[in-house]
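Below is one structure; the comments refer to it alone.
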Amino acid sequence: MTALLSAQSVSKSYGARAGCMDVCFDLWPGEVLAIVGESGSGKTTLLRCLSGHLPASSGKVHYSMRDGRHVALDEMSEAERRLLMRTDWGFVHQDARDGLRMGVSAGANVGERMMAVGERHYGHIRATATDWLERVEIPEDRIDDSPWSYSGGMRQRLQIARNLVTSPRLVFMDEPTGGLDVSVQARLLDLIRGLVKRLDLAAIVVTHDLAVARLLSSRMMVMQQGRVIEQGLTDQILEDPQAPYTQLLVSSVLQV
Amino acid sequence: MNAPAYNFAYLNEQTKRMIRRAILKAIAVPGYQVPFASREMPMPYGWGTGGVQVTAAVLTPEDTLKVIDQGADDTTNAVSIRKFFVKTAGVATTERTEEASVIQTRHRIPEAPLTEEQILVFQVPIPEPLRFLEPRETETRTMHALEEYGVMHVKLYEDIAQYGEIATTYAYPAKVADRYVFDPSPIPKFDNPKLDNCPALQLFGAGREKRIYAVPPYTKVKSLDFEDHPFEVQSWSEPCALCGSCHSFLDEIVMDDKGTRMFVCSDSDFCARQRGER
Chain Z
1 MTALLSAQSV
11 SKSYGARAGC
21 MDVCFDLWPG
31 EVLAIVGESG
41 SGKTTLLRCL
51 SGHLPASSGK
61 VHYSMRDGRH
71 VALDEMSEAE
81 RRLLMRTDWG
91 FVHQDARDGL
101 RMGVSAGANV
111 GERMMAVGER
121 HYGHIRATAT
131 DWLERVEIPE
141 DRIDDSPWSY
151 SGGMRQRLQI
161 ARNLVTSPRL
171 VFMDEPTGGL
181 DVSVQARLLD
191 LIRGLVKRLD
201 LAAIVVTHDL
211 AVARLLSSRM
221 MVMQQGRVIE
231 QGLTDQILED
241 PQAPYTQLLV
251 SSVLQV
Chain A
1 MNAPAYNFAY
11 LNEQTKRMIR
21 RAILKAIAVP
31 GYQVPFASRE
41 MPMPYGWGTG
51 GVQVTAAVLT
61 PEDTLKVIDQ
71 GADDTTNAVS
81 IRKFFVKTAG
91 VATTERTEEA
101 SVIQTRHRIP
111 EAPLTEEQIL
121 VFQVPIPEPL
131 RFLEPRETET
141 RTMHALEEYG
151 VMHVKLYEDI
161 AQYGEIATTY
171 AYPAKVADRY
181 VFDPSPIPKF
191 DNPKLDNCPA
201 LQLFGAGREK
211 RIYAVPPYTK
221 VKSLDFEDHP
231 FEVQSWSEPC
241 ALCGSCHSFL
251 DEIVMDDKGT
261 RMFVCSDSDF
271 CARQRGER
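In order, the protein sequences belong to chains Z and A.
Note that my numbering has the first sequence beginning at 1, numbered continuously upward.
Note that my numbering has the second sequence beginning at 1, numbered continuously upward.
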């Protein structure tokens, strides 16, 4: 088996300041990796480098395409990278408004990727959109409503449906549960966990919430000041943190 | 009354050369929006400054000019642009479609079939068909370059979801020569089929947006649609009240304040000819 995505000493600096430094890891098909750390630790910068939204200052990110080729992101043509982003990849933003097309209905949001890859049959698009809304627990009669009329949790689920409609193999999530209340968070996490398992998705989840990492991921990386200070199996790190910062992080979680 | 203070057709020769270069490029790449250094014209933006510049650049002293607005030769915009070129270029003008060698138009393509000897110049307010879906110009240019037109269908999907049919009736997006999606200016979709395989050269000028694009003669123009919701043009339940034509684009005219209405051809030249022949 080969790694789906592999990062080799990825660094990104903003002038003299470092966003992230020297990050190396392999992501295997069907694996969920959590990147945790406090605000400003470089999680989001790293995610944006990995997903090709931001060119890395140095280092390489390789992706293994469906046809078996291993391609470095920065060596891909722009057309190829954009095609990858709307077919084989998904990106779930923290704020659903960044990931959704707010001006059009929920159905059109889900159908957009299908139309982008050449689907030209309204009936098929509609049926698939309905099916996906059902899978993310959005009532069928809300299909023609604007996302503006949706609650935060529904928007987030709509964003997930919109990303998964082309059956991607890798989904990037940036704080997918940020800004939602805890009961909605729990349902959303449940849903994501179910989908990831059923669709055999690989995912990279950026979060500052250790509970999210615990529930979703099998492996995690802890970042501080742009560097990965600890990585390993999620349970192992949360039960037996080695680095002082990780120990602090784990002990800071409120127990109810 | 050719006022000597003006160069022929108002613009100076250098400007006309610049516009002609843009036109040549537009013809070479059908449907591609070519940027050009649009000039300030003696009329407000939105009145056809783009069309006027294109017309000025292609006009020769031997040309016969026809100007229409909403299909009619006698509306304000048409009359003032026609007078503008009579004054600055001294060219002959006509209201008859087949006598014209250059036709500047706003909102319509004439009903009478065009020929290889004719140039049709469109006035375009917003040349970018993706504008309302993607406001960033940098992004829309990339989308054109990479032929990423899926989002155009999002608009049509939205129409069907809301109204049960494609409710876009004017400025209906079409694909030129299987490559670029373009906005055929605010002509009714009734006229879209006339763009396809047209013997005349069709030029589009957007003055405020500083873009020129073209559909060369005999070029394929396909209106976007869905397999199960094919492209259709408007139809009317009654013929033109003046000439009785059943296959022209009709305008609705309110006759009084009691709800009386009348449907007549929007192409005034076509309507008059039909009446003359009867």
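All C-beta atoms in this analysis are idealised placements derived from N, C-alpha and C, irrespective of residue type, glycine included.
These figures come from a predicted structure and were not determined experimentally.
| task | Show which residues of chain A have a CB atom less than 8 Å away from the CB atom of Z:Ser105. | result | Glu158, Ala161 and Gln162
| Partner residues on chain Z for A:Phe226, Cβ-Cβ distance less than 7 Å | Arg120, His121 and Tyr122
| request: From the DSSP output, in three-state form, read off Z:Thr246 for me. | output: helix
| said: Is it buried or exposed, A:Tyr157, if we count other Cβ atoms within 10 angstroms and call 16 or more buried? | reply: buried
| request: Please list, in chain order, all residues of the same chain as Z:Leu54 whose beta carbon is under 8 Å from its beta carbon, the five residues on each side excluded. | output: Lys12, Thr45 and Arg48
| query | Using a C-beta cutoff of 8 Å, does Z:Arg187 count as contacting chain A? | reply | no
| message | Are the CB atoms of A:Gly50 and A:Tyr213 within a distance shorter than 8 Å? | response | no
| query | Closest Cβ-Cβ distance between Z:Ala108 and chain A: below 8 Å? | reply | yes
| task | For chain Z, find out if any of its Cβ atoms is closer than 8 Å to the Cβ of A:Val264; answer yes or no. | result | no
| field | Length-filtered (4 minimum) alpha helix (DSSP H) runs lying within the stretch 190-220 of chain Z | value | 210-216
| said: Does chain Z have any CB closer than 8 Å to the CB of A:Glu148? | reply: yes
| request: Tell me whether A:Pro44 sits in a helix, a strand or coil according to DSSP, three-state version. | output: coil
| task | For Z:Met223, count neighbouring C-beta atoms within 10 Å of its own C-beta (all shown protein chains included) and say buried if the count is 16 or more, exposed if not. | result | buried
| task | Please state if the CB of Z:Arg126 and the CB of A:Phe226 are separated by a distance shorter than 8 Å. | result | no
| Per DSSP, which one or two residues make a beta bridge with Z:Trp89? | Z:Leu170
| message | Please tell me whether Z:Met220 and Z:Ala7 are closer than 8 Å, where the distance is taken between their beta carbons. | response | no
| query | So, A:Tyr170 versus A:Pro193, is the Cβ gap smaller than 8 Å? | reply | no
| Cα-Cα separation, A:Arg106 to A:Thr168 | 18 Å
| message | What would DSSP say about Z:Gly118, mapped onto helix, strand or coil? | response | coil
| query | Can you tell me whether A:Phe84 is buried or exposed, with buried defined as 16 or more other CB within 10 angstroms of its CB? | reply | buried
| request: Just the C-alpha distance for Z:Gln159 and Z:His124, rounded to the nearest angstrom, thanks. | output: 20 Å
| request: Tell me, please, whether the stretch 175-189 of chain Z touches the stretch 199-211 of chain Z by the rule of three or more beta-carbon pairs shorter than 8 Å. | output: yes
| query | Do you know offhand how far Z:Leu195's Cα is from A:Phe190's? | reply | 46 Å
| field | Buried versus exposed call for A:Lys16 [16 or more other C-beta atoms within 10 Å across all chains shown] | value | buried
| said: Could you give the first and the last residue of the continuous alpha helix (DSSP H) run that contains A:Thr49? | reply: Thr49 to Val58
| query | Is A:Pro186 helix, strand or coil by DSSP? | reply | coil
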